[in-house]
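Residue numbering for the sequence shown follows the UniProt record's numbering, beginning at 1 and increasing consecutively.
Using N, Cα and C, we set each Cβ at its ideal position, and we do this for glycine too.
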Amino acid sequence: MKMSHTLRLTMAQALVKFMTAQKVEIDGAILPLFDGVFAIFGHGNVAGVGEALYQARDVLPTYRAHNEQGMAHAAIAFAKTHNRRRMMACTASAGPGSTNMVTAAAVAHVNRLPVLLLPGDTFATRQPDPVLQQVEVFSDHTITSNDCFKPVSRFFDRITRPEQLLTSLPQAMRVLTDPVECGPVTLALPQDVQTMAYDYPTHLFEEKVHRLRRQAPDEVELAEAIELIKAAKKPLVIAGGGVHYSGALQELDQLVSQYQLPVGETQAGKGALPWDHAQNMGSIGVTGAASTNALSADCDLILAVGTRLGDFATGSRAMYHPDARIISINVGSFDAYKHKAQPLVGDAKLTLPKLVAGLEGWQPEGSWVEKAAELRARWLHAQDVATTDRGTELPTDAEVVGAVNRAAGEQDIVVCAAGGLPGELQKLWRTRYDKGYHMEYGYSCMGYEIAGGLGVKMAKPESEVFVMVGDGSYLMLNSEIATSVMLGQKMILVVLDNRGYGCIHRLQQFCGGPGFNNMLDDCLTVEGGAPKTDFAAHAIALGARGEKVGNIKELEAALERAKASDITYVVTLDTDALVVTEEGGSWWDVAVPEVSPRSQVQEARARYEAYKARQLQNL
Numbered sequence: 001m002k003m004s005h006t007l008r009l010t011m012a013q014a015l016v017k018f019m020t021a022q023k024v025e026i027d028g029a030i031l032p033l034f035d036g037v038f039a040i041f042g043h044g045n046v047a048g049v050g051e052a053l054y055q056a057r058d059v060l061p062t063y064r065a066h067n068e069q070g071m072a073h074a075a076i077a078f079a080k081t082h083n084r085r086r087m088m089a090c091t092a093s094a095g096p097g098s099t100n101m102v103t104a105a106a107v108a109h110v111n112r113l114p115v116l117l118l119p120g121d122t123f124a125t126r127q128p129d130p131v132l133q134q135v136e137v138f139s140d141h142t143i144t145s146n147d148c149f150k151p152v153s154r155f156f157d158r159i160t161r162p163e164q165l166l167t168s169l170p171q172a173m174r175v176l177t178d179p180v181e182c183g184p185v186t187l188a189l190p191q192d193v194q195t196m197a198y199d200y201p202t203h204l205f206e207e208k209v210h211r212l213r214r215q216a217p218d219e220v221e222l223a224e225a226i227e228l229i230k231a232a233k234k235p236l237v238i239a240g241g242g243v244h245y246s247g248a249l250q251e252l253d254q255l256v257s258q259y260q261l262p263v264g265e266t267q268a269g270k271g272a273l274p275w276d277h278a279q280n281m282g283s284i285g286v287t288g289a290a291s292t293n294a295l296s297a298d299c300d301l302i303l304a305v306g307t308r309l310g311d312f313a314t315g316s317r318a319m320y321h322p323d324a325r326i327i328s329i330n331v332g333s334f335d336a337y338k339h340k341a342q343p344l345v346g347d348a349k350l351t352l353p354k355l356v357a358g359l360e361g362w363q364p365e366g367s368w369v370e371k372a373a374e375l376r377a378r379w380l381h382a383q384d385v386a387t388t389d390r391g392t393e394l395p396t397d398a399e400v401v402g403a404v405n406r407a408a409g410e411q412d413i414v415v416c417a418a419g420g421l422p423g424e425l426q427k428l429w430r431t432r433y434d435k436g437y438h439m440e441y442g443y444s445c446m447g448y449e450i451a452g453g454l455g456v457k458m459a460k461p462e463s464e465v466f467v468m469v470g471d472g473s474y475l476m477l478n479s480e481i482a483t484s485v486m487l488g489q490k491m492i493l494v495v496l497d498n499r500g501y502g503c504i505h506r507l508q509q510f511c512g513g514p515g516f517n518n519m520l521d522d523c524l525t526v527e528g529g530a531p532k533t534d535f536a537a538h539a540i541a542l543g544a545r546g547e548k549v550g551n552i553k554e555l556e557a558a559l560e561r562a563k564a565s566d567i568t569y570v571v572t573l574d575t576d577a578l579v580v581t582e583e584g585g586s587w588w589d590v591a592v593p594e595v596s597p598r599s600q601v602q603e604a605r606a607r608y609e610a611y612k613a614r615q616l617q618n619l
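Right, dumping it as C-alpha cells:
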C-alpha cells in the first residue's frame, strides 16, 4: 500500500503551516483566509508558537499589540468588516495574558464573529508544575485557567498531543467558516506540546479554499411564509446583521422596493439600505427611530431578516403589536424560532428572491404605505434638528454625531460600542455605505471602540475610520492607539468627555436612584475631586496627534485637520452628560426594586410593572 508523504514539524509549526494553507473565495478571487496573527509573547507561547510564526512571517504577518483583550477586539472587528469571510488569529502567553482574551471571546461569541484564539497553556507533562502563573485546582489537575474560554467559545480544544491537530484543526475550520455556528474557536496550547515534533501527513497542508455555504429555504416553510405575508395589510421588515453576512443587500432592496415595505434596521443591520432609501424608516427598538417604532406598534406582521431579535431591537418584547405575526428568516433555526415566530430557515440571499416571486400581485394596504412615508419624513426632520449645532456651552452627543457625520465621506466608517453613544448613533448616523456603520452592540463591550477601530482600518485601509468613544471607555482600554501608530493604521478618535459613565447615570436616575458612583462628582474621591483627564495630551504621549476643542465649530475645524493627518489623530471635547435625543426610543427591561424607601424608586417600579404587563402579551 502506498504510504502518504509526511513532514516532521513541531505542533506549533504544523498549526501555522495549516493556517497559511487556508484560503477563501470572495467574488471570484482567492485570498488568504487568515490575514495575520496578533501576538503578545510570554512564557507559554514565545518558544513554540513564536518560533513558528517567525518562520512564516513572510506569508502570515505577525502584529504586536499592547493589550491582549485589545488585540482580540481588533481581530474581531476585522472579521466583522469582512462580513465574516476573512479573519485573524490571536496568541497570548500562559496565564493572565491568555485570560485577558476571555472578554473578547465573549464579544465574538455573542456577535457570532470568527476569531481563532491560541492561548498558551501550562505543561501537559506536568513535570515542572506548578509553573509561574499556573492556576492549581486542588480537585482536578486537568483544569487550567484556559477553561475560562469554554463557555465563550463555539469550539474549544486543548491540544495535549501534537497528532491531535489532525482531527482538531478541521473541526476548528468548520466552526470558523460555518454561517450558523460561526464564532470564536479556542485551541489551548500547552507550551511543551507546542515544541513536540510529529510526522504530519502532507495532505494536512494542502491548500483548502473555503466558500460561503448557502442553505435554500424549505419549500413548505416558504409557502407558509408567503401565505402569511399575503394575508397582511400592515407589514414591517426588520433588517439584521445577517443581511450583511449573507451579502443580501440587493435582494433586500428588491423585495422592499417592489412591495413598498417599510424597513427598520437593528444595530447590526444598519447600512443594509442607504439612509435615504425611500423604504428605510430608520433604526428600531430601544434606541430606534420614532417612525419605525410607531410602525412596529401598529403592524400586523413583522418579517425579520437575519436578526436574533434581541431585547434592544424589540423593546424587551413590549414594543411590537401583540397581535402581529412574526416570520423569521435566518440561517440558524435557534434564532428563527424566537418570539413565537414562523421560522423560515435559509440564507437570506437565496430566500428573499423566492419571496419576491411568490408575492407577485400582492401589495400592502395603501394607507399603510402613506403612513410610513409620512412618519419617515417627520423622523428625517427630527434628525436634522437633533444634529444641528445649537451653540450651547456644552454640546450634546447628538450635536457631536452630526458634526462627525458631516465630516465623514461616502466610504468612511464610524466605530462605537458602549454607553450612550450607540443610541445616538443608531438614531442619527446617516450612511449610504453598507460598511459605514460599525457597532459592537451584541455584548456592548466598553473598551472595544479604539481596538475595534484599528481592526476596521486594517480591513478597510482606504476608508477614514472615525472612532467615537466616551471618556469612560477611553480610560478602560486605549493602548491600541500606540499600536495604530506603530502599524501605520491611522484612525480619527473623537472623545466625548462627560466626566463619568453618563449613560448609566441616566439609567440609574430613570430607575429612581440618586446620582451614585457613576459620574466622577458622585464618586468617592480625595479632597478636591477626581482629576480632569487631558485626553489629547495622553494620545500625544502614545505617539498620536491630538487637540482639545471647546465647541462644535472648533470640532468641525479639528476634524479637517484630523483627516489631513497621516497618523492617528485624537480630538476631545467636553459634552453634556444629561441631554439625549428624546424623539424615538422605547422601553427597556431593567429591573427596579420592589421595595425601597425612595419615592422615586417606588414610582419607577410602578412604571416598570405597567410595561411588564405589555411584555407578557408577547411571551
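Exercise for the section: Please name the residue or residues paired with His438 in a DSSP beta bridge. Expected result: Val415
Exercise for the section: Assuming Tyr259 and Leu359 form a contact by the criterion Cβ under 8 Å, report the distance between their Cβ atoms to the nearest whole angstrom. Expected result: 6 Å
Handout entry: CB contact flag (Leu295, Pro262, <7 Å)
Key = yes
Exercise for the section: May I have the straight-line CA-CA distance separating Glu594 from Gln602, to the nearest angstrom? Expected result: 7 Å
Handout entry: Residue closest to Tyr200, alpha-carbon to alpha-carbon, out of Ile143, Gly366, Pro217 and His5
Key = His5
Practice task
Determine the DSSP secondary structure at Val400, reduced to helix, strand or coil.
Solution key: helix
Practice task
Could you tell me how far apart the beta carbons of Pro130 and Glu136 are, in whole angstroms, since I believe they sit closer than 8 Å?
Solution key: 5 Å
Practice task
Just tell me which of Gly453, Ser473 and Gly470 has its CA closest to the CA of residue 625.
Solution key: Outside the displayed span of the chain (1 to 619) sits residue 625, for which this structure offers no information.
Problem - Coarse secondary structure for Thr6, derived from DSSP in three states - result: strand
Exercise for the section: Determine the extent of the beta strand (DSSP E) in which Asp121 is found, giving its start and end residues. Expected result: Val115 to Asp121
Exercise for the section: Would you mind giving the Cβ-Cβ distance between Gln69 and Gly447, rounded to the nearest angstrom? I have them listed as a contact below 8 Å. Expected result: 7 Å
Exercise for the section: Could you pull out every residue in the same chain whose Cβ sits closer than 6 Å to the Cβ of Ile546, ignoring the five residues on either side in sequence? Expected result: Note that residue 546 is Gly in the sequence shown here, rather than Ile. Hits under 6 Å: Ala536, Ala539, Ile540 and Val570.
Problem - For Cys148, the three-state DSSP class (helix, strand or coil) - result: helix
Handout entry: Completely contained alpha helix (DSSP H) runs for the UniProt domain "Thiamine pyrophosphate enzyme central" (222-355), where each covers 4 or more residues
Key = 241-246, 249-258, 290-298, 311-314 and 333-336
Practice task
Determine, using beta carbons only, whether Ser283 and Ala290 come nearer to each other than 7 Å.
Solution key: no
Problem - According to DSSP, residues forming a beta bridge with Lys208 - result: Gln22
Exercise for the section: Run the CB neighbour count on Ser328, radius 10 Å, all protein chains shown included, and call it buried at 16 or more, exposed below. Expected result: buried
Handout entry: Of the residues Val590, Thr572, Gln509 and Thr533, the one placed nearest Ser599, counting alpha carbons only
Key = Gln509
Problem - Under the three-state DSSP convention, the category Ala591 falls into - result: coil
Exercise for the section: Would you check if the distance between the CB atom of Thr307 and the CB atom of Thr266 is smaller than 7 Å? Expected result: yes
Practice task
Quick one: residues in its chain with C-beta nearer than 7 Å to the C-beta of Ser246, no 5 flanking neighbours on either side, listed in chain order?
Solution key: Gly306, Asp347, Ala348 and Lys349
Exercise for the section: Specify, as a first and last residue, the run of the beta strand (DSSP E) that Lys548 falls within. Expected result: Arg545 to Lys548
Practice task
Determine contact between the region 474-485 and the region 393-404, defined as no fewer than three beta-carbon pairs at a distance below 8 Å.
Solution key: no
Exercise for the section: Give the straight-line distance between the Cα atoms of Val415 and Gln383, rounded to the nearest whole angstrom. Expected result: 19 Å
Practice task
Measure the alpha-carbon distance for Ala12 versus Asn45 and round it to whole angstroms.
Solution key: 9 Å
Problem - Top-ranked residue by Cα proximity to Ala403, from Glu560, Val49, Arg614 and Leu165 - result: Glu560
Problem - C-alpha distance - Leu579 paired with Gly240, whole-angstrom precision - result: It is Val, not Leu, that sits at residue 579 in the sequence shown. Roughly 28 Å separates the two Cα atoms.
Exercise for the section: Kindly identify the DSSP beta-bridge partner or partners of Asp199. Expected result: Arg8
Handout entry: Cβ-Cβ distance between Thr81 and Ala124 below 7 Å
Key = no
Exercise for the section: For my contact list, Ile413 and Lys490 are in at a C-beta cut-off of 8 Å; report their separation, rounded to the angstrom. Expected result: With 8 Å as the limit, Ile413 and Lys490 do not qualify as a contact, their Cβ atoms being about 13 Å apart.
Handout entry: Distance cut-off 6 Å: Pro364 Cβ against heavy atoms of the ligand FMN
Key = The ligand FMN is not among the ligands present in this structure, which contains no ligands whatsoever.
Problem - Exposed unless 16 or more other CB atoms sit within 10 angstroms - verdict on Leu616 - result: exposed
Problem - Neighbour-count burial assignment, Val107, 16 or more Cβ in a 10 Å radius - result: buried
Handout entry: Beta-carbon proximity of Val185 to Phe205, cut-off 7 Å
Key = no
Handout entry: Proximity winner among Val385, Thr314 and Gln22, relative to Thr177 (alpha-carbon distances)
Key = Gln22
Practice task
Measure the C-alpha to C-alpha separation of residue 639 and His321 and round it to an integer number of angstroms.
Solution key: Since the first residue of the chain shown is 1 and the last is 619, residue 639 is not available in this structure.
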